[in-house]
Structures are given as structure tokens and as C-alpha cells.
Amino acid sequence: MKETGATRRRDQRDSETRDSRETSVLENISDSVVSLTTAKGSHCLDLGHSTSKDPSWLTQQRKAEFKIIKGWIADYNKRMLELKLTTASSASAVQISLSSLARLSVMALICFILARLIV
């Protein structure tokens with residue numbers, strides 16, 4: 002590596018000597034962190050624009066990635082809808098509680114006024 006005169010951070014030096022397998026996802030870690038390995042090309046070739054000259058393996062990989070990302074978005078939208086429904090039902094419960102509290106407050110105020118009038 003070309004020396005630039007800058008002092009390297011310790012973690013930067015360590016990362017140059019590490020085995021690349023330690024920082025790669027070579028198998029599914031969870032349902033949402035999945036591994037798509039490519040044996041026939043660069044690991045970032047799928048990020049470029051598609052062309053009519055793309056090999057079939059690259060087209061298939063892009064389709065698989067699209068399906069995964071589409072699933073992430075669908076899951077996100079589902080969770081947001083559930084949150085919205087939960088929040089809406091909680092909000093109506095809070096409104097009911099507030100209206101009950103308001104009635105109690107009015108009743109307490111009336112009792113206070115009546116108590117003052119009686120004395």
C-alpha cells in the first residue's frame with residue numbers, strides 16, 4: 002500500500018490483514034439478512050444498470066434481490082399499518098378515558114360549588 006504520510010488508525014491496519022471471510026455474509030444470518038453469493042462475477046456487478054448484454058445469472062440475481070427488497074418494503078408497510086391501527090385504538094381508548102375524566106372533573110367542580118353554597 003502506498004504510504005501517504007498520514008497515520009493509520011489501528012483498526013484500519015487490522016482490517017488489511019484480516020481474513021475476508023470474517024467480514025462477509027456467506028450464509029443467511031436471519032430471515033431478513035440473507036446471502037446471495039456470486040461465483041461468476043464481481044460482488045457489486047449487480048448494482049450497476051441493467052443492459053441487454055447482461056448474462057442470465059446476473060439478471061436472476063437482480064430479480065432475487067428485487068424480491069428480497071420488495072419483501073422488506075411489504076413487511077415495513079405491514080408493521081406501519083399494524084402500528085397505525087394499534088395507535089388509533091389506543092387513541093380512542095385515551096379519548097374515552099379523557100371524556101370520563103372530564104365528566105368526573107365537572108361533577109367534582111359541581112360538588113365543590115354546592116359545598117361552598119351550603120356552608
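Counting the sequence shown from 1 gives a position; my numbering is that position plus 1. Virtual Cβ for every residue (Gly too), placed ideally from N, Cα, C.
> When you compare only the Cα positions, how much space is there between R22 and N29?
Replying inline: Locating residue 22 in the sequence shown gives position 21, counting from the first residue. Locating residue 29 in the sequence shown gives position 28, counting from the first residue. Because the pLDDT at R22 is just 47, under 50, the model does not fix this residue reliably, and the value given afterwards should be weighed accordingly. R22 and N29: Cα-Cα distance of roughly 14 Å.
> So, helix, strand or coil for A40, using DSSP?
Replying inline: Stepping through the sequence shown from its first residue, residue 40 is reached at position 39. Three-state result, A40: coil.
>> Less than 8 Å between the C-beta atoms of L59 and L46, yes or no?
In response: For the purposes of this step, residue 59 is taken as the residue at position 58 of the sequence shown. For the purposes of this step, residue 46 is taken as the residue at position 45 of the sequence shown. Cβ distance < 8 Å, so L59 and L46 count as in contact.
> Out of curiosity, what's the CA-to-CA distance linking Q62 and L37?
Replying inline: Within the sequence shown, the letter at position 61 stands for residue 62. Within the sequence shown, the letter at position 36 stands for residue 37. Using only the alpha carbons, I get a separation of about 8 Å.
> Under 8 Å between the Cβ atoms of W73 and S33?
Replying inline: Residue 73 sits at position 72 when you count from the first residue of the sequence shown. Residue 33 sits at position 32 when you count from the first residue of the sequence shown. Contact: yes.
> Who are the near neighbours of L27 in its chain, counting only those whose CB is closer than 7 Å to its CB and skipping five residues on each side?
Replying inline: Position 26 of the sequence shown holds residue 27. The answer, listed in chain order, is S36 and T38.
> Under three-state DSSP, which class holds G49?
Replying inline: Here residue 49 refers to the residue found at position 48 when the sequence shown is read from its first residue. Correct three-state label for G49: coil.
> By DSSP, does N29 sit in helix, in strand, or in coil?
Replying inline: As a working note, residue 29 is residue 28 in the sequence shown. In the structure shown, N29 sits in coil (DSSP, three-state: anything other than H, G, I, E or B).
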